[in-house]
Amino acid sequence: MQIRDYIEANKERFVDELGSLIRIQSISAKVENKPQMLECASRWAELLLAAGAQRAEVMQTAGNPVVYGEYRAGEDLPTVLIYAHYDVMPVEPLELWLSDPFEPTIRDGKIYARGADDDKGQSMMQVKGFETALRTGNLRANVKFIFEGEEEIGSPSLEEFCKTHKELLRADVILVSDTSMVSADVPSLTTGLRGLAYWEIEVTGPNRDLHSGHFGGAVANPINVLCEMLASVVGEDGRITVEGFYDDVEELSSEERAMIAQIPFDETAYKAAIGVRELRGEAGYTTLERNSCRPSFDVCGIWGGYTGEGSKTVLPSKAYAKISCRLVPHQNHEKISRLFEDYFQRIAPKSVRVKVTPTHGGEGYVCPITLPAYRAAEAAVERAFGKRPLAVRRGGSIPIISTFEQVLGVKTILMGFGLEQNAIHSPNESCRLDIFYKGIEAVAEFYHNYQG
Ligand SMILES: [Zn+2]
995 MQIRDYIEAN KERFVDELGS LIRIQSISAK VENKPQMLEC ASRWAELLLA AGAQRAEVMQ
1055 TAGNPVVYGE YRAGEDLPTV LIYAHYDVMP VEPLELWLSD PFEPTIRDGK IYARGADDDK
1115 GQSMMQVKGF ETALRTGNLR ANVKFIFEGE EEIGSPSLEE FCKTHKELLR ADVILVSDTS
1175 MVSADVPSLT TGLRGLAYWE IEVTGPNRDL HSGHFGGAVA NPINVLCEML ASVVGEDGRI
1235 TVEGFYDDVE ELSSEERAMI AQIPFDETAY KAAIGVRELR GEAGYTTLER NSCRPSFDVC
1295 GIWGGYTGEG SKTVLPSKAY AKISCRLVPH QNHEKISRLF EDYFQRIAPK SVRVKVTPTH
1355 GGEGYVCPIT LPAYRAAEAA VERAFGKRPL AVRRGGSIPI ISTFEQVLGV KTILMGFGLE
1415 QNAIHSPNES CRLDIFYKGI EAVAEFYHNY QG
């Protein structure tokens, strides 16, 4: 049987099986839903076995259980690891839902329910794509599944699970369906995510708050000094002036820049939506390149002195700021934090003392579009959606993807089929049925194309 025929013959069952997962209220943020977490994990194990996995089990972690499943095709064949999450976001405010969030309801060709897209719908596309490939004789790979129940609360147990089960999770490539496409008519694959470095800076001047009339003009004001130092970080051309900051930044290839240029983007509407008259960023790059493929520097908060009602003429003793840098792949957040610490210490005038404290950070991620598995996914999406997908980088971060690269040493293909209008995390989350079936087809075609 052909891939499309198999999907056509089984489409109702696929939706029913998705419904059986949706009805389980696996809200990881709520402690009282612990029993439903286990119930959802067990249901997934059943569904994996029914889809053709030879083994599927619920494995304990320090938090919610992980579902592990596998299908072994042969020692000499490549191995694909599917990562997904079975937990969902809370549903409040309930009154904004047009139908019960835990009762899948079909209206205008869409399934409405919490998890219809994120990530029960999308993980079902992966599993049914696997089943379709297997039953139509298109599967020439070993397939492993790891579904966690804590993604929506920051995956606190997954890194440890990966570290202790490295051998079990050994794979050639990881497939994840938990991101979105540009639109239903512009299919895309996410090929990059930015990293982050975050730190706090404390500037101390005099040993106490001073009278600005008695001391102003004679003593350095830590807030003034902090502002001068921060203002020196970004130059006129929008580039970060700290020496060595761009050392590890890899330039975009002309092929990637050409793809980014094809993403529909209305700059006038973008400015209007956020209420600014002019955009600003690094010279030589477009807005979409700046907010996804180039690093950035932002002061997230700044305080000190007197900020209450009325006025108080004070020359404060201390000034503070919280600062973040979005990083691009290959920039190491610890190295970047050190660069900034050295920079602020170097430029600080003798009139103040500066303390820089890194708080957290994470690495970016990039999937080379020349990777054979990427090419297989690209051709698969093109076959299912009728258009070559664009390679799109995202400005945000998905920490678990860089963890997979660091702990397991495996690249991830972000083969997501979400749409902006699916309203994930919001009331009336939905998933278009036509996209649900096309997603299944794309996954099945991936196995057809993928030779390792
Ligand atoms: Zn998700």
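Take this note's numbering: the final residue in the sequence shown is number 1446, and no numbers are missing along the way.
Note that beta-carbon positions come from the ideal geometry of N, C-alpha and C, so glycine has one too.
For residue 1207, the uninterrupted alpha helix (DSSP H) segment begins and ends at 1206-1209. Take residue 1401, set aside five residues on each side of it, and the residues of its chain with a beta-carbon closer than 8 Å to its own are 1153, 1156, 1157 and 1160, in chain order. Annotation for residue 1280: no alpha helix (DSSP H) segment contains it, and DSSP assigns it neither H nor E.
Placement of the Cβ of residue 1079 at a distance of less than 7 Å from at least one heavy atom of ligand 1 is found. With respect to the 8 Å criterion, residue 1188 and residue 1410 are not classified as neighbours on the basis of their beta carbons. The alpha-carbon separation between residue 1032 and residue 1321 amounts to approximately 37 Å. In this structure, the CA atom of residue 1379 is about 50 Å from the CA atom of residue 1336. Exclusion of residue 1414 from the 7 Å shell around ligand 1 follows from its C-beta lying no nearer than that to any non-hydrogen atom of the ligand. Closest option to residue 1232, judged by alpha-carbon separation, among 1281, 1089, 1080 and 1115: 1281. Looking only at 1312, 1119 and 1253, the smallest Cα-Cα distance to residue 1203 is reached by 1312.
Judged by DSSP secondary structure, residue 1006 falls within the alpha helix (DSSP H) whose first and last residues are 997-1016.
For residue 1145, the distance from the CB to the nearest heavy atom of ligand 1 is below 7 Å. Given a length threshold of 4 residues, each whole run of the alpha helix (DSSP H) inside the segment 1066-1133 is given here in chain order: 1114-1129. Between residue 1443 and residue 1374, the alpha-carbon positions lie close to 7 Å from each other.
Shortest Cα-Cα distance from residue 1294 to any of 1244, 1254 and 1191 involves 1191. Rounded to whole angstroms, the Cβ separation of residue 1075 and residue 1138 is 5 Å, and the two are in contact under 8 Å. In this structure residue 1039 touches residue 1052 by the C-beta definition: roughly 6 Å separates them, less than 8 Å. About 6 Å separates the beta carbon of residue 1407 from that of residue 1368, a gap short enough to meet the 8 Å contact definition. Rounded to whole angstroms, the Cβ separation of residue 1014 and residue 1037 is 6 Å, and the two are in contact under 8 Å.
Residue 1158: not part of any beta strand (DSSP E); member of the alpha helix (DSSP H) spanning 1152-1158, first to last residue. Pairing residue 1356 with residue 1393 gives a Cβ-Cβ distance under 8 Å.
Residue range 1424-1426 is occupied by the beta strand (DSSP E) that includes residue 1426, with no alpha helix (DSSP H) assigned at that position. DSSP places residue 1292 in the strand class (E or B) of the three-state scheme. Comparing alpha carbon positions, the residue from 1030, 1170, 1020 and 1101 closest to residue 1436 is 1170.
Secondary structure at residue 1352: strand, using DSSP grouped into helix, strand and coil. Residue 1217: member of the alpha helix (DSSP H) spanning 1216-1225, first to last residue. In this structure, the beta-carbon distance from residue 1350 to residue 1291 does not fall below 8 Å.
Here the distance from the Cβ of residue 1112 to the nearest heavy atom of ligand 1 is below 7 Å. Below 8 Å, too few C-beta pairs join the segment 1054-1070 and the segment 996-1006 to call them touching: fewer than three. Distances from the CB of residue 1172 to the heavy atoms of ligand 1 include at least one below 7 Å.
Separation of residue 1146 and residue 1083 (C-alpha to C-alpha, rounded to the nearest whole angstrom) is 6 Å. For residue 1388, the uninterrupted beta strand (DSSP E) segment begins and ends at 1384-1388. DSSP, read as helix, strand or coil, puts residue 1028 in helix. Across the set 1309, 1286 and 1332, the C-alpha of 1286 shows the shortest separation from the C-alpha of residue 1358. When the five nearest sequence neighbours on each side are left out, the beta carbons in the same chain lying within less than 7 Å of the beta carbon of residue 1224 are those of 1293 and 1315, in order along the chain.
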